[in-house]
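Asks:
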Amino acid sequence: MGKKDSKKQQSKKSAKATGKSFAIGSRTLTGWSIGVPLLALIAVAAALLIFESNYLFRVQELNLFLYTPLFFKQQMVVSGGLLTYLGSYFTQFFYHPWIGVVLLCLWWALLMWVMKRAFNIPAKWGLVLLVPVVLLLITDVDLGYWIYYLKFRGHFFASTIGITAAVALAWGYRSLPKGLLRTLMIVLTVAVGYPLIGFYALLAASLMAVLAWRLSGCSKTSRIVDTIVAVAAIVLVPLAYYHWHFYQTNIVNIYYTGLPVFRLEEDYYAYYIPYYLLVAVLLAMAALYKKQRQSEVRRTFLWGGAQLLLLVVLIGSVCHFWFKDENFHTELSMYRYAENQQWEDILTTYHDHDSNPNRMMWMMKNLALSRLGRQGDEMYHYRNGDAAPNAPFTARLTQVGGKMVYYNYGMLNYCYRWCLEDGVEYGWRVDYYKFMLRCSLMNGEMTVAQKYIDILSKTKYYADWAQQYERFVKNPKLVANDKEFSTIMHLMPKTNELTSDNTLVEIFLINYFSAHDSDDPAYQEQAMLFALQTKDIPTFWARFYRYAPQMADKHMPIHIQEAAYLYGHLENKVDISRMPFDEEVKKTYEEFMAAAEQYRGMTEEQMKPLMYDRFGGTFYYEYFFTRGQRSY
7 MGKKDSKKQQ SKKSAKATGK SFAIGSRTLT GWSIGVPLLA LIAVAAALLI
57 FESNYLFRVQ ELNLFLYTPL FFKQQMVVSG GLLTYLGSYF TQFFYHPWIG
107 VVLLCLWWAL LMWVMKRAFN IPAKWGLVLL VPVVLLLITD VDLGYWIYYL
157 KFRGHFFAST IGITAAVALA WGYRSLPKGL LRTLMIVLTV AVGYPLIGFY
207 ALLAASLMAV LAWRLSGCSK TSRIVDTIVA VAAIVLVPLA YYHWHFYQTN
257 IVNIYYTGLP VFRLEEDYYA YYIPYYLLVA VLLAMAALYK KQRQSEVRRT
307 FLWGGAQLLL LVVLIGSVCH FWFKDENFHT ELSMYRYAEN QQWEDILTTY
357 HDHDSNPNRM MWMMKNLALS RLGRQGDEMY HYRNGDAAPN APFTARLTQV
407 GGKMVYYNYG MLNYCYRWCL EDGVEYGWRV DYYKFMLRCS LMNGEMTVAQ
457 KYIDILSKTK YYADWAQQYE RFVKNPKLVA NDKEFSTIMH LMPKTNELTS
507 DNTLVEIFLI NYFSAHDSDD PAYQEQAMLF ALQTKDIPTF WARFYRYAPQ
557 MADKHMPIHI QEAAYLYGHL ENKVDISRMP FDEEVKKTYE EFMAAAEQYR
607 GMTEEQMKPL MYDRFGGTFY YEYFFTRGQR SY
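All residue numbers for the sequence shown refer to this note's numbering, where the first residue is 7 and numbers rise by one.
Right, dumping it as structure tokens:
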């Protein structure tokens, strides 16, 4: 044994004796680098399934993947089309949220494995592999109301697939022998990859340009050549595809195809931050590439502290940027119940909701009460609210849930119109086709309905749902006998018309029903209930005189009694002395007025909580204390 080896052994013994150096073996590091990311993915999957099942289900309803060659060709007319095709394909599996989550986590596991191999990430820094995954997770869970407006298809999976492809291509470049093949790889990556994965092909070329300066055995000339070729390809190839009209791409976005665009009235740049960080992290990994890595960790205290700090930052980032608006999630839950006609579940969800509700929730609650025949007695037993959607832009009911509301109130032309307009503006989705199919059946447009049945029959999860409606196409008389359709058809207006709603669904429905007449008792009842919500006395009496005769042998709903009793005393223009009011209605009115007199001198804001505790479930409170609410 030589002198050098002898000195090394003595040094190790000395370090062990004095306790000045500690080391973690390669087996422990391998377990750490595999175990921690695996546990992190399991935790993410559990969180998504526990907190976001309705969100994920809604995402796939606002997605569309058709098993047809034409659908593939339609995606491929835009650069980056393969991403949208694959993203849409995997997104459909959120129909069963657990399947979609498992597939998403498997993609993330694959991404971490590819990054580890491509950039030779040492086992001791395996936790770094979670950074891109966390950023990708944030891009999915911080969307909120963007799911209704985002035009980019397959967003939930597309970015993950794109990043995986970019890193894999960089790995391929690194694995090639030095020389001309690597340079050719850069050109082919951009020339072939740009039409398929758009921006991510440009990212892959950028990673190759950085790796060119980190790979051993390369001459300075070859490094400079690869860098120049990469930059030239990134700049020129998208321009060439644009000017030669190979793909339908806006010149403003030619370098960003394959990425979502967060733009409505203006650009919302904060949503791009995770993508900037993703690019920065990947470039940093490429810049820090080394062929040889140490397998052991010394000074474990510092290493452990760094690992812990990184883990805390990652967990804190996810918790901070995860979209946690209670109204949004409650709204999604209620919408899903409405689609399944689970009316009691809607009421339970609304009742258990703690925050100030929004107008979409209020309308779904009223719809549920109407279907159960209890709206006139219980509408004001629930907290009324007008919380604005938690979004940096104006989220309209027409996109959030107005189509479903219009459909259930028989306003089929308005439901169909918004499905058509949003399909053109934001892309066709399963949700739109489902409404357009049912509207066509009730409007007697059987040829059109068959077209939508044929489209949905090309999907994975909605084929059986669509085909059940073929019996109505073959025998149109069955439509009027269907329980769901017959209820809606009672509310359909006599005149087949389409006017402007100014995107204000709730206000439009209130004004429309309270101003129109019908001999149908179901329509009359709904008109009466909408007139009640106007708080306009002449409008109320106009509808009341048409509605009251049909209730001659029935019990008049409590809220309508309360309104009639209140208005009769406020104006003294209508003789209410002979109306058969419930004694409880009269008693509550007297107590309300006495309490109002007792609290005279207080401001309205001071009185509201005191009065709500005693009279919050009455029209009296609603009329005097609920005002100035804004719909959207």
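Ideal Cβ placement from N, Cα and C applies to all residues, glycine included.
Note that the coordinates shown come from a computational prediction; the quantities given were computed from them, not determined experimentally.
What residue does the alpha helix (DSSP H) around Ile167 start on, and which one ends it?
Replies: Here residue 167 refers to the residue found at position 161 when the sequence shown is read from its first residue. Where Ile167 is concerned, the enclosing alpha helix (DSSP H) stretches over His161 to Ser181.
Asks: By a C-beta neighbour count over all protein chains shown, 10 Å radius and 16 as the cutoff for buried, is Phe546 buried or exposed?
Replies: Position 540 of the sequence shown, counting from 1, holds the residue named residue 546. That one is buried.
Asks: Taking all protein chains shown into account, do 16 or more other C-beta atoms lie within 10 angstroms of the C-beta of Arg188, making it buried, or fewer, making it exposed?
Replies: In the sequence shown, counting from the first residue as 1, residue 188 sits at position 182. Counting Cβ neighbours within 10 Å, Arg188 comes out buried, since at least 16 surround it.
Asks: If you compare alpha carbons, which of Val193, Phe478, Gln456 and Ser524 is closest to Lys500?
Replies: By one-based count along the sequence shown, residue 500 stands at place 494. The option with the nearest alpha carbon to Lys500 is Ser524.
Asks: With 16 as the cutoff for other CB atoms within 10 Å, does Thr624 come out buried or exposed?
Replies: Residue numbering aside, residue 624 sits at position 618 when the sequence shown is read from its first letter. Answer is buried; the Cβ neighbour count reaches 16.
Asks: Suppose contacts are defined by Cβ-Cβ distances below 8 Å. Is Ala528 in contact with Ser520 by that definition?
Replies: Within the sequence shown, residue 528 is the residue found at index 522, counting from 1. Within the sequence shown, residue 520 is the residue found at index 514, counting from 1. No, the Cβ-Cβ distance between Ala528 and Ser520 is not below 8 Å.
Asks: So Cys111 is in the alpha helix (DSSP H); what residue range does that whole segment cover?
Replies: One-based indexing of the sequence shown puts residue 111 at position 105. Its alpha helix (DSSP H) spans residues Pro103 to Phe125.
Asks: Using beta-carbon positions only, say whether Tyr101 and Phe63 come within less than 8 Å of one another.
Replies: The count along the sequence shown starts at 1 and reaches residue 101 at position 95. The count along the sequence shown starts at 1 and reaches residue 63 at position 57. Their beta carbons are under 8 Å apart, which means Tyr101 touches Phe63 by this criterion.
Asks: What are the partner residues of Arg606, as DSSP defines its beta bridges?
Replies: Sequence index remark: in the sequence shown, residue 606 carries index 600 (1-based). Per DSSP, Met608.
Asks: Please report how far the alpha carbon of Pro280 lies from the alpha carbon of Ala292, in whole angstroms.
Replies: Residue 280 sits at position 274 when you count from the first residue of the sequence shown. Residue 292 sits at position 286 when you count from the first residue of the sequence shown. Cα to Cα, Pro280 sits roughly 18 Å from Ala292.
Asks: Do the CB positions of Gln81 and Tyr91 come within less than 8 Å of each other?
Replies: The sequence position of residue 81 within the sequence shown is 75, counting from 1. The sequence position of residue 91 within the sequence shown is 85, counting from 1. For Gln81 and Tyr91, yes; Cβs fall inside 8 Å.
Asks: May I ask you to list the residues that DSSP assigns as paired with Asp273?
Replies: Counting from one through the sequence shown, the residue named residue 273 turns up at place 267. Answer is Arg269.
Asks: Quick check: the segment 165-177 against the segment 207-220, are at least 3 beta-carbon pairs closer than 8 Å?
Replies: yes
Asks: Give every residue of the same chain whose Cβ lies closer than 7 Å to the Cβ of Thr336, excluding the five residues on either side of it in the sequence, and list them in chain order.
Replies: The sequence position of residue 336 within the sequence shown is 330, counting from 1. These residues qualify, in order along the chain: Thr355, His359 and Met367.
Asks: Taking Ala397 as the reference, which of Tyr155, Phe514 and Tyr413 has the closest Cα?
Replies: Residue 397 sits at position 391 when you count from the first residue of the sequence shown. Out of Tyr155, Phe514 and Tyr413, Tyr155 has the C-alpha closest to the C-alpha of Ala397.
Asks: Which whole-angstrom value is the C-beta distance of Tyr571 and Lys593, which I expect to be below 8 Å?
Replies: If you number the sequence shown from 1, residue 571 lands on position 565. If you number the sequence shown from 1, residue 593 lands on position 587. Wrong, their Cβ atoms sit about 11 Å apart, outside the cutoff.
Asks: Whole-angstrom Cβ separation of Tyr638 and Arg380, contact assumed at under 8 Å?
Replies: Against the sequence shown, residue 638 aligns to sequence position 632. Against the sequence shown, residue 380 aligns to sequence position 374. The pair is not a contact, with the Cβ atoms about 26 Å apart (cut-off 8 Å).
Asks: Taking buried to mean at least 16 other C-beta atoms within 10 Å of its own C-beta, is His357 buried or exposed?
Replies: Numbered from its first residue, the sequence shown carries residue 357 at position 351. Looking at its Cβ environment, which holds fewer than 16 other Cβ atoms inside 10 Å, His357 is exposed.
Asks: Determine the burial state of Lys157: buried for a count of at least 16 other Cβ atoms within 10 Å of its Cβ, exposed for fewer.
Replies: Looking up residue 157 in the sequence shown gives position 151. Label assigned to Lys157: exposed.
Asks: Out of Ile127, Gln254, Ile105 and Cys111, state which residue places its alpha-carbon closest to the alpha-carbon of Val84.
Replies: For the purposes of this step, residue 84 is taken as residue 78 along the sequence shown, with counting starting at 1. Nearest C-alpha to Val84: Gln254.
Asks: By the three-class DSSP mapping on this structure, what secondary structure does Ile321 have?
Replies: Counting from 1 along the sequence shown, the entry for residue 321 is found at position 315. It is helical.
Asks: Which class does Phe399 belong to by DSSP, given the choice of helix, strand or coil?
Replies: The residue given as residue 399 occupies position 393 in the sequence shown. In this structure, Phe399 counts as coil in the three-state DSSP scheme.
Asks: On a CA-only basis, which of Thr400, Leu88, Val580 and Tyr341 is nearest Glu639? Give me that one, please.
Replies: The structure shown does not extend to residue 639, since the chain spans only 7 to 638, so no value can be given for it.
Asks: Is Ala393 closer than 8 Å to Asn346 when the C-beta atoms are compared?
Replies: Along the sequence shown, read from residue 1 onward, the residue named residue 346 stands at position 340. Along the sequence shown, read from residue 1 onward, the residue named residue 393 stands at position 387. Their beta carbons are not under 8 Å apart, which means Asn346 does not touch Ala393 by this criterion.
Asks: Report yes if the C-beta distance between Ala6 and Met214 is below 8 Å; otherwise report no.
Replies: Limits of the chain in this structure are 7 at one end and 638 at the other, which puts residue 6 out of reach.
Asks: Taking the straight line between their C-alpha atoms, what separation do you get for Leu44 and Ala52?
Replies: Along the sequence shown, read from residue 1 onward, the residue named residue 44 stands at position 38. Along the sequence shown, read from residue 1 onward, the residue named residue 52 stands at position 46. Leu44 and Ala52: Cα-Cα distance of roughly 12 Å.
Asks: Go ahead and pull the three-state DSSP assignment for Tyr155.
Replies: Position 149 of the sequence shown, counted from the start, is the residue given in the question as residue 155. Tyr155: coil per DSSP, three-state reduction.
Asks: Just to confirm before moving on: does the CB-CB distance between Leu462 and Tyr438 stay below 8 Å?
Replies: In the sequence shown, the residue the question calls residue 462 occupies position 456. In the sequence shown, the residue the question calls residue 438 occupies position 432. In this structure, Tyr438 does not lie closer than 8 Å to Leu462 by Cβ.
Asks: If you check the beta carbons only, do Tyr432 and Tyr420 fall under 8 Å apart?
Replies: Position 426 of the sequence shown, counted from the start, is the residue given in the question as residue 432. Position 414 of the sequence shown, counted from the start, is the residue given in the question as residue 420. It is not a contact, given that the beta carbons lie outside the stated cut-off.
Asks: When the distance is taken between beta carbons, is Gly93 closer than 8 Å to Ala171?
Replies: Walking along the sequence shown from the start, residue 171 turns up at place 165. Walking along the sequence shown from the start, residue 93 turns up at place 87. No, Cβ-Cβ distance for Ala171 and Gly93 is not below 8 Å.
Asks: Specify the secondary structure class of Trp434 as computed by DSSP and reduced to three states.
Replies: On the sequence shown, position 428 is the one that residue 434 refers to. Secondary structure of Trp434 (DSSP, three-state): coil.
Asks: Exposed or buried, which one is Ala138 when buried takes at least 16 other CB atoms within 10 Å?
Replies: Numbered from its first residue, the sequence shown carries residue 138 at position 132. It should be pointed out that residue 138 corresponds to Pro in this sequence rather than to Ala. Per the 10 Å Cβ criterion, buried.
Asks: Taking only the alpha-carbon atoms, compute the straight-line gap between Pro395 and Trp424 and give it to the nearest angstrom.
Replies: The residue labelled residue 395 in the question sits at position 389 within the sequence shown. The residue labelled residue 424 in the question sits at position 418 within the sequence shown. Computed Cα separation, rounded: 20 Å.
Asks: Going by alpha carbons, who is nearest to Lys184 out of Phe630, Leu68 and Arg220?
Replies: Counted from its first residue, the sequence shown places residue 184 at position 178. Minimum Cα distance to Lys184 is reached at Arg220.
Asks: Taking all protein chains shown into account, decide if Gly87 is buried (16 or more other Cβ within 10 angstroms of its Cβ) or exposed.
Replies: Counting from one through the sequence shown, the residue named residue 87 turns up at place 81. By the neighbour-count rule (16 or more Cβ atoms within 10 Å), Gly87 is buried.
Asks: Counting beta carbon pairs with one atom in the segment 125-141 and one in the segment 282-292, are three or more of them shorter than 8 Å?
Replies: Contact between the segment 282-292 and the segment 125-141 is present: 3 or more CB-CB pairs across the two stretches fall below 8 Å.
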